[in-house]
Amino acid sequence: MKILGIAAGFATALTLCSSASALAATQISWWHAMTGANAEVVEKIAGDFNASQSDYEVVPVFKGTYPETLNAGIAAFRAGQAPDIIQVFDVGTGVMMAAEGAIRPVAEVLEGAGLKFDKSQYLPGIVAYYSKPDGTMLSFPYNSSSPILYYNKDVFEKAGLDVNNPPKTWGEVFEAAKKIRTSGAAACGYTSTWLTWIHLENFAAWNNISYGTNENGLAGGDVELKINAPLYVNHFQAIADLAKDGTFKYGGRTSEAKQLFLAGECGILTESSGGLGDIVKSGMNYGIGQLPYDENGVGPQNTTPGGASLWVMAGKSDEQYKGVAAFFNYLSQTDVQQFLHEQSGYLPVTLAAYEATKGSDFYEKNPGRETPILQMMGKAPTENSKGVRLANLPQVRDIQNEEFEKMLAGQQTAQQALDAAVQRGNAAIKDAIGN
Amino acid sequence: MTPRVVFPNRILPYLLLAPQLAITLVFFYLPAVQALYQSMLREDPFGLRSRFVWFANFRKVLADPAYLNALHVTVVFSVATAVVAMGVALLLAVMADKVVRSRGLYRTLLIWPYAVAPAIAGMLFLFMFNPSIGTLAVLLRKAGISWDPLLNSTDAMVLVVTAAAWKQISYNFLFFVAGLQAIPKSLIEAAAIDGAREVKRFWTIVFPLLAPTTFFLLVINTTYAFFDTFGIIHAVTGGGPGKATETLVYKVYNDGFVNLILGESAAQSVILMIIVIALTAIQFRYVERKVHYG
């Protein structure tokens, strides 16, 4: 940390006196979607990189939300003015992969610059998600997260639950939620952000059951969804039943439910590990547990990465690709990764950075910060647990959310909701790959 | 015989018109033609592979139950918004017309919401009616009304209609006030002398005489609800729950910019363009000449 601090000082000093030489440097544009503290991390990393050498200058540009950034990138590509590097969220991965002529695989970029890309140095779960079926890494994992369980310790105490033992299975979560509500410790027992990401995509990986054919889309784009299997149906029926009396409370399609947890309205929350910052900031007495698994399944297996990765656009000059490679090489350095991990709550991408963090007392001082990594690293991923990749995952998630909302409003059962989601989702996937 | 205006210079008038024409060309005709072309293409988001498919996108859109649902939602939403916005505005205008002291102040205050951007109006209502933190949601709950716009379709619709109507009330109010002032006082006084009470006077004299204004506002409000409420819906419900508040305009955005199905999204915007043209034609042909601007 100290070294980075000094480096930062140097960075500012250097940028002040090197503006003349900066003109000669090759500019590398980096479009990103980070806000708040995470945007500061982006600026700092780019600034430090620029200060560390004089050939290239990385210029980060904020382009709005994740979907807005992706759209801006697409529009720019169509107009022949794509950036060199663009940050694309996990669900956009399928979109980018399908656009082979528009992107350049990261592995190729690194090797083209004479840098060796050693896959074994990276966290296997993350690399698998951002690679082609033949193992070529396509994009550079920048900020990866994983869903975990948060619980309000004060509420647990009031409800007479074990404060030091968060529920481990979904059955235990639902029982604890009922107890929280009936004891009056909180108005609602359990809520969750991102139902699609946590309760379908990660539910599949964590319990090692199929989400769709063709290895959930990682082995090929022609996917038939399998999310109406009994394990899913029973899980969602249990949630729908809890929703009837308010034991489960729906917050919204993305991360809105976090507010219900922060406001003390709900005692238990499942949310991305990247959401930790807000929970720490609120000053509440919280605890962290691993993502619950289904006691009727074969889990826990491993969770899949969310967050975003950096894609390199096609059609740039060799000089620019060399700059991109140099920047990615810098990003992989242990101290940079460690800084990213400790500052943002996102996962380190390299094993060395993880070991280094373990070597420091960071995890002792920040209990629970290791949970998402352990979840993702625990076991080698199976064909069910490398993640989900569809050419139109945003649209498929939309469909799933619509059916869940109708289910939670009591208009249909879990079986009906998931059957409809499969049927509509399959039709949409067929359409998307039939261009 | 009307005198003919003759410009001595043949080029000057064109030069004077040129900026306006250029703007219309670049910002309206060009995108419109592009949308028309794109609506007949099937392509991936990056435009790497595209195929000309004639009217296949239109056929698909019109056969899609989700599109018909959006059409239904749009009609319900527009009618409700227009009725609420005009009803409340008329009531306020009639009341404001009677106020003697500080009439100007009331009128000025009533016009303010019109200046609020749709997205901001949406956020305001989102906060006031947020089930967990909203002030008004708490009041509703205390009154024994279960309020959940996140899952209940009717609640969600009520919320977006309220937000959309609130913003439009000011505009309608202005026109109704003007319309009311144009009604000859002598007519009302004569009716009063004949013994007609206030309510009777309103329905038999004031309301019929306001008809042209009302009709004009109906067209304006429908157009507003159709096309200018995207910001509100985007901020408040995002089209949910299910597809309960997904209007035609919102669907164009969602299919094009979230789901990246460009051809079908373009086809939908072409259909919307046809609707706008029809509405404008009606307005010019039947409404414009009958309105009394007071």
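Residue numbers (the working numbering), protein chains in the order written: chain A, 1 to 435; chain B, 436 to 729. A virtual CB, placed ideally from N, CA and C, is assigned to each residue, including glycine. Please read all numbers here as calculations on a predicted model, not as lab measurements.
Just to check my reading of the structure: Asn-492 of chain B and Ser-513 of chain B have Cβ atoms closer than 8 Å, yes? What is that Cβ distance to the nearest angstrom?
Their Cβ separation, rounded to whole angstroms, is 25 Å, which puts Asn-492 of chain B and Ser-513 of chain B out of contact at 8 Å.
Straight-line Cα distance separating Pro-105 of chain A from Asp-431 of chain A
26 Å
In its own chain, which residues sit with a C-beta less than 8 Å from the C-beta of Tyr-344 of chain A, not counting the 5 before and 5 after it?
At residue 344 of chain A the sequence reads Ser, which differs from the Tyr that was named. Counting only Cβ-Cβ distances below 8 Å, and skipping sequence neighbours, we find Ala-37, Asn-38, Val-41, Asn-143, Gly-274, Gly-277.
Residues in the segment 92-114 of chain A having any Cβ partner in chain B nearer than 7 Å:
Val-95, Ala-98, Ala-99, Gly-101, Ala-102
At the 9 Å Cβ level, is Glu-271 of chain A part of the contact set with chain B, yes or no?
So, not an interface residue.
DSSP three-state label for Tyr-56 of chain A, please.
If DSSP states are grouped into helix, strand and coil, Tyr-56 of chain A belongs with the strands.
Going along the chain, which residues of the segment 683-696 of chain B sit with their C-beta nearer than 8 Å to a C-beta in chain A?
Asn-689, Phe-692, Val-693, Asn-694, Leu-695, Ile-696
Assign Ser-21 of chain A to buried or exposed, taking buried as 16 or more other Cβ atoms, counted over all protein chains shown, within 10 Å of its Cβ.
Bear in mind that the predicted position of Ser-21 of chain A carries a pLDDT of just 44, short of 50, making it too unreliable to give a figure here.
Cβ-based burial, Gln-375 of chain A [other Cβ within 10 Å; buried from 16]
So Gln-375 of chain A counts as buried.
Under 7 Å by beta carbon: chain B residues contacting Ile-74 of chain A:
Pro-480, Phe-481
Once you ignore the five residues that flank Ala-428 of chain A on each side, which residues in its own chain have a CB closer than 8 Å to its CB?
Asn-392, Gln-395, Val-396, Ile-399
Chain A contacts from the segment 627-646 of chain B (Cβ-Cβ distance under 7 Å)
Of all residues in the segment 627-646 of chain B, none places a beta-carbon less than 7 Å from a beta-carbon of chain A.
Counting only Cβ pairs nearer than 7 Å, list the residues of chain A close to Lys-678 of chain B.
Glu-402
Completely contained alpha helix (DSSP H) runs for the segment 200-285 of chain A, where each covers 4 or more residues
202-206, 213-216, 230-244, 257-262, 276-282
Using the C-alpha atoms, what's the distance from Leu-390 of chain A back to Pro-147 of chain A?
20 Å
Does the Cβ of Glu-355 of chain A have 16 or more other Cβ atoms within 10 Å, making it buried, or fewer, making it exposed?
exposed
Using alpha carbons as the reference points, say which of A:Ala-352, A:Leu-70, A:Leu-200 lies closest to Phe-89 of chain A.
Measuring from the Cα of Phe-89 of chain A, the nearest candidate turns out to be A:Leu-70.
Give the DSSP-derived three-state secondary structure of Gln-718 of chain B in the structure shown.
helix
How many Å lie between Leu-476 of chain B and Phe-692 of chain B at the Cα?
16 Å
Based on the DSSP output, what are the partners of Asn-152 of chain A in its beta bridges?
A:Tyr-286
Asn-587 of chain B CB to nearest chain A CB: under 9 Å?
Chain A, which has a Cβ nearer than 9 Å to the Cβ of Asn-587 of chain B, makes this yes.
Kindly give me the distance between the Cβ atoms of Gly-267 of chain A and Tyr-151 of chain A, rounded to whole angstroms, as I take these residues to be in contact under 8 Å.
6 Å
Cβ pair Thr-509 of chain B, Phe-661 of chain B closer than 9 Å
yes
Mind checking if Gly-557 of chain B is an interface residue toward chain A, Cβ cutoff 9 Å exclusive?
no
Sequence ranges, alpha helix (DSSP H) only - wholly within the segment 479-510 of chain B, length at least 4:
491-498
What residues from the segment 650-671 of chain B come within 7 Å of chain A, judged by C-beta to C-beta, listed N to C?
none
In terms of residues, what are the limits of the alpha helix (DSSP H) holding Gly-171 of chain A?
170-182
Would Ser-474 of chain B pass as an interface residue toward chain A - the criterion being a Cβ-Cβ separation below 9 Å?
It does not; no Cβ of chain A falls within 9 Å.
How many angstroms separate the CA atom of Phe-560 of chain B from the CA atom of Lys-602 of chain B?
If you take the alpha carbons of Phe-560 of chain B and Lys-602 of chain B, they lie about 11 Å apart.
For Asn-426 of chain A, decide whether its Cβ has a neighbour in chain B, counting only Cβ atoms nearer than 9 Å.
no
Quick one: which chain A residues come within Cβ less than 8 Å of Ser-567 of chain B?
Gln-259, Leu-260, Ala-263, Glu-265
Take the Cβ of His-235 of chain A as the centre, count every other Cβ of all protein chains shown within 10 Å, and call the residue buried at 16 or more, exposed below.
His-235 of chain A is buried by the Cβ-count criterion.
Against chain B, with Cβ distances strictly below 9 Å, would Phe-248 of chain A count as a contact?
no
Under a three-way DSSP split, which group does Gly-9 of chain A fall into?
Low per-residue confidence applies at Gly-9 of chain A: pLDDT is 48, beneath 50, and the placement is therefore not dependable enough to give any value.
Residues of its chain near Met-523 of chain B, where Cβ-Cβ distance is below 6 Å and the 5 sequence neighbours each way are ignored
Note that residue 523 of chain B is Val in the sequence shown, not Met. Cβ within range, chain order: Ile-604.
Under DSSP, the beta strand (DSSP E) around Leu-310 of chain A begins and ends at which residues?
306-313
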